[in-house]
Structures are given as C-alpha cells and as structure tokens.
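The listed protein sequences correspond, in order, to chains B and H. 945 is the number of the first residue of the first sequence in our numbering; add one for each residue after it. 945 is the number of the first residue of the second sequence in our numbering; add one for each residue after it. Beta carbons are placed, not taken as given, at the ideal position from N, Cα and C, and that holds for glycine.
There are 2 protein chains.
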Amino acid sequence: MKTVAAPKARVSDSSVRRLSRYHRILEDLENQGCEVVSSARLAELAGTNPAQIRKDLSYFGAFGKRGSGYRVHELRARILEILGLTRSWKVVLVGAGNLGHAIFSYKEFTRYGFHIVAILDTDPSKIGQAWEGIRIRPLDGCEEVLAATGAELAVIATPAAAAQAVVDRMAKAGIRGVLNFAPREVEVPRKVALRTVNITIELEGLTFDLRGRNEG
Amino acid sequence: MKTVAAPKARVSDSSVRRLSRYHRILEDLENQGCEVVSSARLAELAGTNPAQIRKDLSYFGAFGKRGSGYRVHELRARILEILGLTRSWKVVLVGAGNLGHAIFSYKEFTRYGFHIVAILDTDPSKIGQAWEGIRIRPLDGCEEVLAATGAELAVIATPAAAAQAVVDRMAKAGIRGVLNFAPREVEVPRKVALRTVNITIELEGLTFDLRGRNEG
C-alpha cells in the first residue's frame, strides 16, 4: 500500500474540512463511474477553486499531473489515508440525553468507519437501558469500558456544567480524541485530539454573513 | 452607537469562529469584573496568539492601542456588533425528529439572541404536537409561517434525502440564512447565507490529527 507523506506544515482545520468534502465528492463521482475529474470540475463541485485544492493536497506530497486532472479512485484512496479512514474507529458516547440520542441515531457515521460501541451516563434512570442493544453504563466505570471495548474516541453530549470533568476523566482513562458538543469550551491534555461543535457559534457565523450583507 | 467598519477583505470562517470565542471569553472576564485584558492573556485564554487576535480584529478597523491591552467591555460590544448580535434573530426549525428535538432543547441559543419561533415537519404524526408551546406545523405552510413569525434563519434537521428540497423551499419563501445539520451538502442561492455542521466530518478532523500523531 502506498503511504501518504506526513504533512510538511501545520494543516488548517479548514483544509482538513475541505479534504473531507473532496472525499465525499470523489466517492459520488466514483459511484457514477467517473475515472478522471478535472481540477476545475472538482473545485466547482466543492465550491472552491483549483489552486485551493492543489494547496490542500500539497501538504501531503504530489498528486496527479498539472493539466491532466485527478484520477478519481486514486485520489479518493489517498485522501482516505490522509484522514486516517483506512481503519475503523470505536467511539464511546457520553451523555444519553436528547443530543446523545440524536448523535447515536445519526447513521452516517458507520459508513465512514465510526462505530459507537459504548454509551455512558450518570443518570440512574438511564443506566441499564439499552439503545439498539448497547447498554447505557455508569460514567464511573469508564476505565473498564474503554479497556473492554477498545474505544479511542469520545463524543461528549453532556450538559455544559459536566463537560470538563467528563473530559478530564476520559483523558485519564486513555481516550485519544474528543468531539465536544457540550456548549462550553473544554481543555484536553496535549496528546488528546479535540474538536468542538458549538451550535450557537455556527449560528453566529450566519449572522456575521448577514450583517455584512446588510451593510454591503 | 459606534459602528464597526465593514470588513476590508473576505474574513475566513476560522476568523469568525475565533471572534465568537473571544466574545465568550470577554463575557466571562466582564462578569468577573475585569476591565482591561492584555492581548497575551486573551490569546492564552483563546488558545491562540496575540498576532492572530490583532489580525482577526484588523478586518474591522483599529481596536485599542498596542501595548495597553484591550478594554473588555468595549471590545466585547464591538465584537457583538461585528457578529450581528446586537439584535435578536428568529429561527425556524425544520425537522422534529431526535436531532431537531436536541437542537430545540439546547437553551444556550437564547442567551445570544436566537429564538426558535416555529417548528416544521412533514410527518402527520408529529404535526399538531407542541414543544414548549410551539406547535409543529406542516412544511407545506412554510411561506405563511415565515411571514407570520418574521423568522430569518432556518435550522435544517431533516434526513439527508429531504434536505435540498427543504432548503430550496425555504429559500424561495425568503429565508436569509440556513444552518444545515442534515448529513449531505446543500446548495443555496447566492443571497442566502449557509453554514453546515457535519458530525462525521468533525470526527474525521480528529482521526486526521491522530493519524498525524501516530506517524509523527
């Protein structure tokens, strides 16, 4: 198997998000039987420009020849490697409330190799229930749960007030990556990867755009 | 009221996200009675550096004097203006499933001036139910709902297959901004603002980071 070069410089979150988007577009193109796509067409589908695509890929070595387009299958395979998606990842969900249930029900994950293997909560009325055969366990046993399941990623869907303590605990128990949906910033040890989804901040992105348009 | 200069150049999504983060930090500092904060301390709290803060703010004109720190209340007020948060925004939620309910229950919105004023769905078993006094209405009546409520933003929490048709319909009905949670990309007319939250793509950001660490 070919390996992709380690990135030469820090890759921005925006570049990583665009790589995920290119991957989805290439997947669609491949499903449609398309073998080669021009950089102009790929850029159009991704809502960007060919120079940006070249730049996003340039962190990881050379891809294709200028002017000859991208080979769909090959580029897709290499982006999968770049994104760490050539293997599957086990995920523990912390927080079995509305948001936790919505995330659990979001089947899109599985297609890309993410599998929720455990659910944790502190609410005695929820512990012992099962969602699609996965029993909700007490947060207090998280060390054993991680050891038994091999989960490496945690999705945090707790209330704001609980989030930091939960993340501290999961970090201590050896989690490698945290996706935080709780509406507060959390801190993680340097060795733990962190992404945050804050719905209000996304809404603020919209109102920023609209404010600009009012005054434009 | 002072007005904030219109941005001189295209402001990146990352900059806008950082502005939201600075705003939250300044709010905490103000609540703690802090009047002036050094750029070094603000940067530390935001997990960035002073040059990045200066750059993020520089799009909107001059803020403070170099070396004298930022006046907390004033900077916070100006960031609120930049983000379009000196007014409130009415939001229509489309999709009354698990995810829609989780978003509806996410009270953090309200603090920043976002109010869900209407809920739409196509499922006859849901239409007519009410969440905290807000009746779930048929998507088919969305034009009247927008006109009656004055909602300008839509949060899309439908299944993937329905998302584009819903967005087209809302755009036609005059929505100004769309926050899309459905697990597929949607297109909007140029005049409509769009942000997308894709949970799988956020997980891919984590696995990208971890892959880099394995090989680093």
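Report task. With 9 Å as the threshold, decide whether the Cβ of H:Met945 is near any Cβ in chain B. Result -> Here the model assigns H:Met945 a pLDDT of 46, short of 50, so the residue's position is not dependable and the matter cannot be decided.
Requested in this report: Output, in chain order, the set of chain B residues within a Cβ distance shorter than 9 Å of H:Val981.
Outcome: Ordered by position in chain B, no residue passes the 9 Å Cβ test against H:Val981, which lies about 16 Å from the chain.
Query raised in the report: Can at least three beta-carbon pairs, one atom from the segment 990–1005 of chain B and one from the segment 1048–1058 of chain B, be found at a separation below 8 Å?
Result: no
**Report entry** Neighbouring residues, chain H, relative to B:Ile1145 (Cβ below 8 Å)
**Finding:** Arg961, Ser964 and Arg965
Query raised in the report: Closer than 7 Å, Cβ to any Cβ of chain H: which residues of the segment 1055–1084 of chain B, in chain order?
Result: Tyr1056 and Phe1058
Query raised in the report: Hey, is H:Asn1142's beta-carbon within less than 9 Å of any beta-carbon in chain B?
Result: yes
Query raised in the report: If we ignore side chains and look at the alpha-carbon of each, how far apart do B:Ala1104 and H:Phe1053 end up?
Result: 13 Å
Query raised in the report: Applying the criterion that 16 or more other CB atoms from any shown protein chain within 10 Å of the CB defines a buried residue, is B:Cys1086 buried or exposed?
Result: buried
Report task. Starting from the N-terminal side, write out each stretch of the alpha helix (DSSP H) that is 4 residues or longer and does not extend beyond the segment 1046–1075 of chain B. Result -> 1052–1055
Report task. Answer yes or no: do H:Leu1097 and H:Val1036 have a C-beta to C-beta separation smaller than 9 Å? Result -> yes
Requested in this report: Indicate whether B:Arg1079 and B:Ile1100 have their beta-carbon atoms separated by less than 9 Å.
Outcome: no
Report task. With a cut-off of 8 Å on the beta carbons, I'd call H:Arg1139 and B:Glu1146 a contact; round off their distance for me. Result -> 5 Å
Report task. Could you name the residues of the segment 1007–1028 of chain H whose beta carbon sits closer than 9 Å to any beta carbon of chain B, in the order they occur along the chain? Result -> Glu1025, Ile1026, Leu1027 and Gly1028
Report task. Flag B:Leu1019 as yes when its Cβ comes closer than 8 Å to any non-hydrogen atom of the ligand HEM, and as no otherwise. Result -> Judged by which ligands are present, the structure shown has none, so any question about the ligand HEM falls away.
Query raised in the report: Less than 9 Å separating the beta-carbons of B:Asp1065 and B:Val1038?
Result: yes
Query raised in the report: So the beta strand (DSSP E) H:Ala1126 belongs to, where does it begin and stop?
Result: Note, H:Ala1126: premise wrong, no beta strand (DSSP E); not H, not E.
Requested in this report: Compare the C-beta of H:Thr1093 with all C-beta atoms of chain B and state if any pair is closer than 9 Å.
Outcome: no
Query raised in the report: Would you say H:Ala1104 reaches chain B, if we count a Cβ-Cβ gap shorter than 9 Å as a contact?
Result: yes
Query raised in the report: Quick one: Cα of B:Ser958 to Cα of H:Arg961, how far?
Result: 11 Å
Query raised in the report: Quick one, are the C-beta atoms of B:Ala1126 and B:Ala1106 less than 9 Å apart?
Result: yes
**Report entry** From B:Gly977, B:Lys1034 and B:Arg1015, residue whose alpha carbon lies closest to that of H:Glu1148
**Finding:** B:Lys1034
Query raised in the report: How big is the Cα-Cα spacing for H:Leu1027 and H:Asp1000?
Result: 12 Å
Requested in this report: Report the rounded CA-to-CA distance for H:Phe1004 versus H:Val1110, giving the unit in angstroms.
Outcome: 35 Å
**Report entry** alpha helix (DSSP H) segment containing B:Thr1102, residue limits
**Finding:** Counting along the chain, B:Thr1102 falls outside any alpha helix (DSSP H), and DSSP gives it neither H nor E.
Query raised in the report: How would you write the range of the alpha helix (DSSP H) that B:Pro994 sits in, first residue to last?
Result: Pro994 to Ser1002
Query raised in the report: For H:Leu963, is the classification buried or exposed, using 16 other Cβ atoms within 10 angstroms of its Cβ as the cut-off for buried?
Result: buried
Report task. Excluding the 5 residues preceding and the 5 following H:Ile1143 in the sequence, name in chain order all residues of the same chain whose CB lies nearer than 6 Å to its CB. Result -> none
Requested in this report: Classify H:Ile1078 as helix, strand or coil using the three-state DSSP reduction.
Outcome: strand
Query raised in the report: Where H:Lys1070 and H:Glu988 are concerned, what is the direct C-alpha to C-alpha distance, given to the nearest angstrom?
Result: 47 Å
Query - Of the listed residues B:Asp1112, B:Leu1029, B:Gly1013 and B:Glu1076, nearest to B:Phe1048 (C-alpha basis) - result: B:Glu1076
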